[in-house]
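Residue numbers (UniProt numbering): 1 to 91.
This report refers to the structure that appears directly beneath it.
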């Protein structure tokens, strides 16, 4: 199961490019499919874009924004760290 909360800039940019290419090709694929003029080559090209989109989706990495450890002396924090849901460092 895929659960993505926050995505880095580069990951999102790569995914958007793949999604745009897939969407444009899907439009062409649907037009050919509905007009019953779809060729085997059209299917192959569409499946290639589809495969690339899935690969880019799998390459997305969840990142979390910076947070603050809870201080018992303060009653509130602006970016609390939630254990199990927060990245504690950067690579």
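Each residue gets a CB set at the ideal place from its N, CA and C atoms; glycine is no exception.
CA-CA distance, residue 48 and residue 56?
Counted from its first residue, the chain shown places residue 48 at position 48. Counted from its first residue, the chain shown places residue 56 at position 56. Cα to Cα, the separation comes out at about 12 Å.
In three-state terms, what does DSSP make of residue 62?
On the chain shown, position 62 is the one that residue 62 refers to. Note: residue 62 maps to strand in three-state DSSP.
How should residue 22 be labelled, buried or exposed, when 16 other C-beta atoms within 10 angstroms of its C-beta is the threshold for buried?
Position 22 of the chain shown, counted from the first residue, corresponds to residue 22. Counting Cβ neighbours within 10 Å, residue 22 comes out buried, since at least 16 surround it.
Check each candidate in 63, 43 and 12 and name the one with the smallest Cα separation from residue 26.
Against the chain shown, residue 26 aligns to sequence position 26. Distances from the alpha-carbon of residue 26 to those of 63, 43 and 12 put 43 closest.
Do you know offhand how far residue 19's Cα is from residue 50's?
Mapped onto the chain shown, residue 19 falls at position 19. Mapped onto the chain shown, residue 50 falls at position 50. Rounded to the nearest angstrom, the two C-alpha atoms are 9 Å apart.
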